[in-house]
Structures are given as C-alpha cells and as structure tokens.
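Undergrad:
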Amino acid sequence: MNGSLPVAAQVDLRRQPVEDVLKRVEEALHVRLDRQALVRKRRSLGGRTERGTWVRVERRGFERIGSQGWNGTEAAAVLHGIAMPEWYQGVAWREPGAPVMWRADELELMPSPPVAQGALVLEAPDLPDAWWEALNASLDALADQRTPRLATPDTVTITQEQVTRTLGEVFPGITDTRIERWVPAHADLTWANVMGPEFSLIDWEDWGMAPRGLDAATLWGNALAVPALADRVRQERSADLESRDGRLMALFFLSKVVGPHAYDEDPLLTPARKETERLLTELQR
Numbered sequence: 043m044n045g046s047l048p049v050a051a052q053v054d055l056r057r058q059p060v061e062d063v064l065k066r067v068e069e070a071l072h073v074r075l076d077r078q079a080l081v082r083k084r085r086s087l088g089g090r091t092e093r094g095t096w097v098r099v100e101r102r103g104f105e106r107i108g109s110q111g112w113n114g115t116e117a118a119a120v121l122h123g124i125a126m127p128e129w130y131q132g133v134a135w136r137e138p139g140a141p142v143m144w145r146a147d148e149l150e151l152m153p154s155p156p157v158a159q160g161a162l163v164l165e166a167p168d169l170p171d172a173w174w175e176a177l178n179a180s181l182d183a184l185a186d187q188r189t190p191r192l193a194t195p196d197t198v199t200i201t202q203e204q205v206t207r208t209l210g211e212v213f214p215g216i217t218d219t220r221i222e223r224w225v226p227a228h229a230d231l232t233w234a235n236v237m238g239p240e241f242s243l244i245d246w247e248d249w250g251m252a253p254r255g256l257d258a259a260t261l262w263g264n265a266l267a268v269p270a271l272a273d274r275v276r277q278e279r280s281a282d283l284e285s286r287d288g289r290l291m292a293l294f295f296l297s298k299v300v301g302p303h304a305y306d307e308d309p310l311l312t313p314a315r316k317e318t319e320r321l322l323t324e325l326q327r
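Following the numbering used here, the numbering of the sequence shown begins with 43 at its first residue and continues without gaps.
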C-alpha cells in the first residue's frame with residue numbers, strides 16, 4: 043500500500059442508503075436484485091438475482107487497494123480443483139469525488155448456505171464427512187497452484203515483515219518468525235465463507251500467496267469456542283497446522299484475540315489463551 047494515498051471516509055453499508063448503488067449494479071450487469079433477501083455487511087452487499095445467480099458488491103478505499111488491484115474474485119476464476127462459485131462477469135467504478143472504488147461481481151449461486159452468519163461459530167455445525175473431504179481437496183488443490191497475487195487478509199497485504207512485527211509485539215519470546223513456505227491461500231477462511239452441508243468456498247477478493255497454514259489457522263481459530271470442531275479442523279489440516287509455519291500462523295491468528303485488544307466477553311479468549319501456551323511451548327522445543 044502507498045502510505046501517501048488519501049484515506050477514504052469509513053462507511054457502514056449496513057446503515058447507509060444503498061439503493062443508488064444497487065440500481066447502478068443492476069443496470070451494468072443487466073440483472074434484478076432481490077431486495078428482500080439482500081445481505082448487508084459493513085463494507086459489502088450480496089443478493090440473489092432473478093436469473094438464479096448471486097451478486098456481491100464491495101466498497102474499498104484507495105488506501106486498501108495495492109498495486110495488484112482488487113479483482114481477486116475475477117482472478118480466482120482461473121483456479122481449478124476447488125469447490126467454489128463460477129465467476130460470470132463484473133463491473134467496477136470510482137465513487138465521484140472520493141478516494142473510493144466500488145466493485146460488483148456476478149457469480150454462481152451455491153446450493154448451501156454459509157455454515158455461520160459470522161466469522162466464528164458458537165455451536166457445532168452438522169457437517170458430513172463429505173464436507174471435510176471437499177475442504178481438504180480444495181485447500182490441497184489451492185496450495186498446489188501458483189499466482190503473482192499476494193494475499194490481503196483484512197485487506198492488508200501479508201508480508202514477512204508484518205508477521206514478524208505482529209508476533210513480536212504480542213509474543214516477544216518468539217525470536218525466529220521466518221516463514222519457510224508461501225502458498226496460495228484464500229486469506230479469509232472463516233465460517234461465514236464456507237458453505238454447508240455441501241461444501242464450497244466463497245468470497246475470493248483477498249486471495250493470493252501467504253504463509254503455509256494461514257487458511258487452516260483461520261478456520262481453526264474461529265472454531266475455538268466449539269472445542270470438538272476446533273479439534274476436527276486440527277485433525278483434518280494437521281499437515282499444515284503442525285508445521286512450523288502453521289504454528290506461527292496459528293499464533294498470528296491468536297495475537298488478535300489475546301493481544302492488546304483482548305476483551306473478557308470474547309468467547310474465543312479463554313481457549314485462545316490455552317492454545318497460545320501450547321503453541322509457544324511447541325515452538326520453543
């Protein structure tokens with residue numbers, strides 16, 4: 043990111059009027075969106091169309107758009123071996139008078155809903171063995187591919203320097219934070235972005251090269267409030283999570299839970315502290 047870029051004013055699309063945006067998307071993509079089923083998040087919108095597809099709309103400030111652009115959803119269309127929506131078309135435009143870009147993508151509508159409405163889960167979902175098999179096949183296929191893109195989890199480009207700085211601030215006892223292997227990652231593998239009971243993986247806007255284990259650690263960390271589910275993720279993705287890179291990525295996730303912004307009401311906090319102790323011990327062996 044270029045630090046000299048103007049910073050866009052923060053807007054919460056859950057509260058802002060969006061009808062003008064929706065009309066522009068409909069005209070550009072030649073679709074009609076179902077207003078009654080519209081999904082509104084802080085910086086994105088999603089909705090069904092009359093032709094049985096899904097449209098995702100996102101607002102992003104210039105300061106969150108790096109040199110590679112932000113067409114991750116479109117760029118992911120070249121990936122293979124992954125259970126994910128097919129990409130059909132997209133449109134992007136600049137917000138007049140503001141350092142802000144809008145983007146809308148029309149995609150295949152997947153048959154199952156998200157496993158959770160938010161990033162984490164508080165109750166164990168009923169996921170068949172076929173779901174876990176498809177998850178493993180998709181993540182393994184993703185890791186075997188190559189891309190010049192860099193992953194941008196939370197819209198921030200992940201780098202060795204960022205990993206070292208983040209871990210050093212929260213876990214100063216870790217002196218070796220060097221990542222050995224970088225692989226393509228989804229970079230936002232939360233329970234809101236995996237569908238079930240039929241597995242598929244949505245929201246590809248931030249995918250790219252990342253430390254091995256980032257995806258597994260994100261899914262695992264967001265399951266810590268349901269110990270049996272977290273254990274299943276750890277079991278299924280053991281090759282990633284038990285590697286040194288995977289342990290560092292697990293701590294990278296946990297740093298956001300147990301670090302300076304920790305709060306007592308967080309359902310992840312108690313299990314996260316326990317897992318932090320385990321991982322620090324393992325890394326010091």
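No residue lacks a Cβ here, since even glycine has one placed at the ideal position from N, Cα and C.
Three-state secondary structure (DSSP) at Ala140?
TA: Reduced to three states, the DSSP call for Ala140 is coil.
Undergrad: Name the DSSP beta bridge partners of Glu100, please?
TA: Ser86, Arg145
Undergrad: Skipping 5 residues on each side, what residues in its chain have a beta carbon closer than 7 Å to that of Ala330?
TA: This structure leaves residue 330 out entirely; the chain is present only between 43 and 327.
Undergrad: Whole angstroms are fine: how far does the CA of Gln202 sit from the CA of Arg98?
TA: 31 Å
Undergrad: For the alpha helix (DSSP H) holding Trp262, just list the boundary residues, first then last.
TA: Per DSSP, Trp262 belongs to the alpha helix (DSSP H) from 256-263.
Undergrad: With 16 as the cutoff for other CB atoms within 10 Å, does His72 come out buried or exposed?
TA: exposed
Undergrad: Would you tell me roughly how many angstroms separate the C-alpha atoms of Ile221 and Gln78, rounded to the nearest one?
TA: A straight-line Cα-Cα distance of about 46 Å links Ile221 and Gln78.
Undergrad: For the putative contact between Leu209 and Thr219, defined by C-beta atoms under 8 Å, what is the C-beta separation to the nearest angstrom?
TA: Under the criterion of beta carbons closer than 8 Å, Leu209 and Thr219 qualify as touching, at roughly 5 Å.
Undergrad: Could you give the distance in angstroms between the alpha-carbon of Thr197 and the alpha-carbon of Asp248?
TA: 7 Å
Undergrad: Alpha carbon to alpha carbon, how far is Asp186 from Ala166?
TA: 30 Å
Undergrad: With Trp174 as the anchor, note down where its alpha helix (DSSP H) starts and where it stops.
TA: 171-185
Undergrad: For Met126, which of helix, strand or coil comes out of DSSP?
TA: coil
Undergrad: Measure the Cβ-Cβ separation of Ala50 and Pro141 and say whether it is below 7 Å.
TA: Cβ atoms of Ala50 and Pro141: closer than 7 Å.
Undergrad: Specify, as a first and last residue, the run of the alpha helix (DSSP H) that Asp269 falls within.
TA: Checking the displayed sequence, the identity of residue 269 turns out to be Pro instead of Asp. Looking at the DSSP string, the run of the alpha helix (DSSP H) that includes Pro269 is 269-278.
Undergrad: Please report the straight-line C-alpha distance between Thr323 and Pro214, rounded to a whole angstrom.
TA: 13 Å
Undergrad: Run through the DSSP bridge pairs and tell me what Ser242 is partnered with.
TA: According to DSSP, which records beta bridges pairwise, Ser242 is partnered with Met237.
Undergrad: The alpha helix (DSSP H) that contains Val53, what's its start and end?
TA: Here Val53 belongs to no alpha helix (DSSP H), and DSSP marks it neither H nor E.
Undergrad: Looking only at its own chain, which residues have a Cβ that is under 7 Å from the Cβ of Gly347, when we skip the five neighbours before and after it?
TA: Since the first residue shown for the chain is 43 and the last is 327, residue 347 is missing from the structure and cannot be characterised.
Undergrad: Looking at Trp129: is its Cβ nearer than 7 Å to the Cβ of Leu149?
TA: yes
Undergrad: Check Gln110 in the structure and name its three-state DSSP category.
TA: coil
Undergrad: State the start and end residues of the unbroken alpha helix (DSSP H) segment that holds Gly250.
TA: Secondary structure note for Gly250: it is in no alpha helix (DSSP H), and the uninterrupted beta strand (DSSP E) holding it is 250-253.
Undergrad: Return the residue from the list Met291, Met143, Glu116 that minimises the CA-CA distance to Val63.
TA: Met143
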